[in-house]
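Per the working numbering, the sequence shown starts with residue 8, numbered consecutively.
Every residue gets a Cβ at the ideal spot worked out from N, C-alpha and C, and that includes glycine.
From a predicted model like this one, the values you see are computed outputs, not experimental measurements.
This report concerns only the one structure given below.
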Amino acid sequence: MAPPDDMFDDDDYPAYTMGRAAEMTGASQDFLRRLDEAKLIIPVRSAGGHRRYSRYQLRLAARAREMVDQGTALEAACRIIMLEDQLEEALRRNQHHQRPS
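As structure tokens, then:
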């Protein structure tokens, strides 16, 4: 396990409770549950079974909330965000492979 200082710098560390995540993203807890059902963000479960979210997941949730607020259906917003995320990762990998050795 990473030392405590490293965990706070880790974008993927599940540091936020559902209540805090809802507050930070401006979304309801039900909305966050629906994102989990749609498989956009799958929070880590604590030993007690409570959902815990990372900063990366909160950014995805905030993006989904913005899109839904603008009239995009939840399922469509989730799919768009997943595809954008996959494209970004593919571009990052491609750029890494094109660097001179």
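query                                                                                                                                              : result
What span of residues does the alpha helix (DSSP H) with Tyr63 cover, start to end?                                                                : Arg62 to Asp76
Using CA coordinates, which residue listed in Asn101, Met25 and Asp76 is at the minimum distance from Ile49?                                       : Met25
Using a C-beta cutoff of 7 Å, does Thr24 count as contacting chain B?                                                                              : This model lacks chain B altogether; it includes just one protein chain.
Buried or exposed for Ser61, please, with buried defined as at least 16 other CB atoms from any protein chain shown within 10 angstroms of its CB. : buried
In this structure, how does DSSP classify Thr32 when only helix, strand and coil are distinguished?                                                : helix
If Cys85 sits next to Ala68, beta carbons under 8 Å apart, how far is it from one beta carbon to the other, in whole angstroms?                    : Wrong, their Cβ atoms sit about 10 Å apart, outside the cutoff.
So, with DSSP's three-state summary, where would you put Arg40?                                                                                    : helix
Please report how far the alpha carbon of Gln102 lies from the alpha carbon of Arg52, in whole angstroms.                                          : 34 Å
On the DSSP bridge assignment, give the partners of Arg52 in chain order.                                                                          : Arg58
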